[in-house]
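Residue numbers (the UniProt record's numbering): 1 to 158. Note that CB positions come from ideal geometry on N, CA and C, so glycine has one too.
In structure tokens form, the structure reads like this:
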């Protein structure tokens, strides 16, 4: 599939993309086609995951989850994320937990390496309040945000 995708052979066959070819010609559902294509595109960046997957030591579900989590990372962070996520698999976390952790993997790597970017509120300004919420592995929530004076008073109950 990776060879077909890289060569854009499906466009010669009249399909707009490899994903549409997988859906139309091979009868895959959208989510399965996206998952398989992400795996094919990320395999070269994830050598340990690929090795485990091809030898049968890692299920396709875990492999797809790790590939999806690392798809938007640069090569340096991709290797770090692979180590972290495979460590979670080794500890027995479910694919769903690995996926939820993978959504914030860039923040986890930055915290661990001390390379955090400037807070988002710098880019957002201070006129409007904002809150961002992410589910944690234990069922709780990570909350990031900034409240202006009026919203802070409401939060405080005054």
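Residues of the same chain with a CB within less than 6 Å of the CB of residue 67, apart from the 5 flanking positions on each side, are 38, 39, 42 in chain order.
Taking C-beta separations shorter than 6 Å and ignoring five residues to either side along the sequence, the partners of residue 45 in its chain run 78, following chain order. In the three-state reduction of the DSSP assignment, residue 146 falls in the strand class.
If you check the CB distance, residue 156 and residue 144 do not come in under 7 Å. The Cβ atoms of residue 97 and residue 137 lie closer than 7 Å to each other.
Leaving aside the five residues that flank residue 135 on each side, the residues in its chain whose CB is nearer than 7 Å to its CB run, in chain order, 100, 141. Scanning the UniProt domain "DUF222" (10-154) for uninterrupted alpha helix (DSSP H) segments of 4 residues or longer gives 18-24, 30-42, 47-55, 60-70, 75-90, 95-102, 105-113, 120-124, listed from N- to C-terminal end. Judged by DSSP secondary structure, residue 2 falls within the alpha helix (DSSP H) whose first and last residues are 2-7.
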